[in-house]
């Protein structure tokens, strides 16, 4: 019973500390909440709200008999109503005025189609490059416009190949020049058809995967990252109560009571574990209720959460067993937790939760193993695919625990 | 009669670069129901001794014989948990959880001493009553005054009604009223039949409280007896404290050479002397000072006390040692 009495006392003290409460619950929810607000009310609309970019289009293309007016087809594509949410197209005739509008910020981007644009499809020597200008102070909107324009240009590249091949056939006499025009028109029509309803790739969501929305995709990994980062902080902070009690004289006093050293250490470790369990449970529930974050299936979530509890707790035990006092530990904890936390969750912080920008590096930290397990759980991965990360994390935790306990027993022998 | 506390041949050296010998062959016995004081200046080894008696420090193996600590017959080294159940320790500094209330602190420590259920509730209530904090029991320790904290600090050690209680300088840094209250409390504990091991560097406390006093200096017990017997060690010597109108060091050699002066030390601005007969020696001191053109500005003659004993045994003042 004594270990539980010690654990209960530590829990009471932890949850009476405003500092601990802020770090355990306040900051993780606050940071996630800030991202939630930054990306708009994604939970309600299930989409990211980005304002339409003002784009001025100057079409100087004269067209020709064989290809027709390809510049005009570009303009019509840009004016497609499907793109109206992303860009607000205004037509102009003066290229200089269009450039001036972008410079003054009156327009976010300008597209100037040159006079020889259509000719460039039949004349191999003609350049016919479209000029794209953007307001340098804007980032997302003009990039989207540029991306749409590039897609269109890529699609039109096939026309150049078609006309080139057709010209060779005209030269060899197997085709007349009158036949080139209809050929190009058919090609343009095909492009329009494919960009409208006929999609080449149909996207399906696996039935086993949890229902995804924009909130889960954007806020979920951030919340998981915050939870992991601050659970490790709690692990270290709660374990450092051993050092604090040593300095405050309550730990030596405990050793004068008929309570064995192992009972005292067990009590301390139970307190560390229970504190993180409560923290993780509260954060998971709060994130689900506040931000609509889906955490995946129950069993993998429980296992991943246990992984986090064990990993954060034993990491704290290991680190505190090495430190001599709280002054030393305060400095080391701040740096160590930040560095290992950032490395372990580099994928989340780089906005690429499922990727691996630094390859094996995250897996060199205990946070990395937990993050992989938690993110896989959130993406609906099967238990068997999460199991290696869970077992790896438990293995690391066991090593941390054994070293930490050995050092503490040696210190207080 | 079995002693309540039996201490034999304790040694402790701290190997922190310069091998400080903190305790050097300390042995003593404390009888049941006795208040036994360890008196000595700061750094004499009192706290290190009490730390070994509380199982916080392990005694070194002495060159001569085996160390042993027995509390009510139980060996602290062989049966630590059983022996620790017999003691209550009042540490020198406040060792309480500041963010818990007095009641929460007492309940927690009572559990650590193995109390449960109704017995736990009763003892917590009794101790709160004893330390006079029943009305403030639900206030956090951080809101208490220094004296109130001291009282809770002592109360914790009384929860399990130990046979022996260790009090390590419990009156350091507190106001006179709280100090008086603690001293009265220690006498009350003795009257209840409890054995008290009390460490202090205030000779007045040791003199007032103790049945026996062990004087410690440089890790050794240099005298161990009742107050009366310790005073007899000094013999008929009297302590004279003098002030002069020049630097006190000026008179060290001339007065040391005076017939009848056995010890001379400077404490702050005063010169303390141990003399055989003040009626004979004092005129000689005045003559010597006059010969040196030095004027004596104050004279204080004290009956022999523990301060005199320490001066006699070590050649140093207790407060300066």
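Protein chains in written order, with the numbering used here: chain Y, 144 to 556; chain E, 44 to 364.
Note that CB positions come from ideal geometry on N, CA and C, so glycine has one too.
With a cutoff of 8 Å on beta-carbon distance, residue 178 of chain E and residue 145 of chain E are scored as not near each other. In terms of beta-carbon proximity, residue 291 of chain E stays away from the interface with chain Y, with every pair separated by 8 Å or more. Within the DSSP bridge table, the entry for residue 355 of chain E names no partner. When secondary structure is reduced to three states using DSSP, residue 52 of chain E falls in the strand class.
The beta carbon of residue 467 of chain Y sits no closer than 8 Å to any beta carbon of chain E. A check of alpha carbon separations from residue 54 of chain E across E:261, E:273, E:127 identifies E:261 as the nearest.
The beta carbon of residue 331 of chain E sits closer than 7 Å to those of 297, 298, 301, all from its chain and outside the five residues before and after it, given in chain order. Rounded to whole angstroms, the gap between the alpha carbons of residue 89 of chain E and residue 207 of chain E is 17 Å. DSSP, reduced to helix, strand and coil, places residue 345 of chain E within a strand of the structure shown.
Residues 146, 149, 150, 153, 202 of the same chain have their beta carbon placed closer than 8 Å to that of residue 167 of chain E, with the five preceding and five following residues left out of the count. The beta-carbon of residue 132 of chain E is placed less than 8 Å from the nearest beta-carbon of chain Y. Taking a cut-off of 8 Å for Cβ pairs, the stretch 413–427 of chain Y and the stretch 448–461 of chain Y touch, as three or more such pairs fall below it. Between residue 514 of chain Y and residue 488 of chain Y, the beta carbon gap of about 5 Å places them in contact (Cβ cut-off 8 Å). Among the residues of the stretch 231–265 of chain Y, none has a Cβ less than 7 Å away from any Cβ of chain E. Secondary structure of residue 387 of chain Y (DSSP, three-state): helix. The C-alpha of residue 480 of chain Y is placed about 16 Å away from the C-alpha of residue 163 of chain Y.
At a cut-off of 8 Å between C-beta atoms, residue 110 of chain E does not count as an interface residue with respect to chain Y.
For residue 204 of chain E, the three-state secondary structure derived from DSSP is coil.
Under the 8 Å Cβ criterion, the stretch 464–474 of chain Y does not count as touching the stretch 396–407 of chain Y, having fewer than three qualifying pairs. Using a Cβ distance threshold of 8 Å, residue 71 of chain E and residue 257 of chain E count as a contacting pair. Judged by beta-carbon spacing, residue 225 of chain E lies within the 8 Å limit of residue 197 of chain E, meaning their Cβ atoms are closer than that value.
Residue burial is scored here from C-beta neighbours: residue 448 of chain Y has at least 16 other C-beta atoms within 10 angstroms and is therefore classed as buried. When Cβ pairs closer than 8 Å are counted between the two stretches, the stretch 165–174 of chain Y is seen to touch the stretch 364–378 of chain Y, the count reaching three or more. DSSP lists E:144 as the beta-bridge partner residues of residue 183 of chain E.
When C-beta atoms of the stretch 310–329 of chain Y are compared with those of the stretch 205–212 of chain Y, three or more pairs fall below 8 Å, so the two segments count as touching. For residue 206 of chain E, the closest Cβ of chain Y is not nearer than 8 Å. Contact between the stretch 238–249 of chain E and the stretch 212–219 of chain E is present: 3 or more CB-CB pairs across the two stretches fall below 8 Å. Nearest to residue 554 of chain Y by alpha-carbon distance, out of E:69, E:99, E:165, is E:99. According to the DSSP secondary-structure assignment, residue 211 of chain E is paired through a beta bridge with E:242. DSSP places residue 524 of chain Y in no beta strand (DSSP E); its state is neither H nor E.
Taking a beta-carbon distance threshold of 8 Å, residue 412 of chain Y does not count as an interface residue toward chain E.
Contact between the stretch 119–132 of chain E and the stretch 186–193 of chain E is not established, with fewer than three Cβ pairs separated by less than 8 Å. When secondary structure is reduced to three states using DSSP, residue 119 of chain E falls in the coil class, being assigned neither helix nor strand. CA-to-CA, the gap between residue 151 of chain Y and residue 409 of chain Y works out to about 12 Å. Taking 8 Å as the threshold, the shortest C-beta distance from residue 97 of chain E to chain Y falls below it. Per DSSP, the unbroken alpha helix (DSSP H) holding residue 233 of chain E starts and ends at 219–234.
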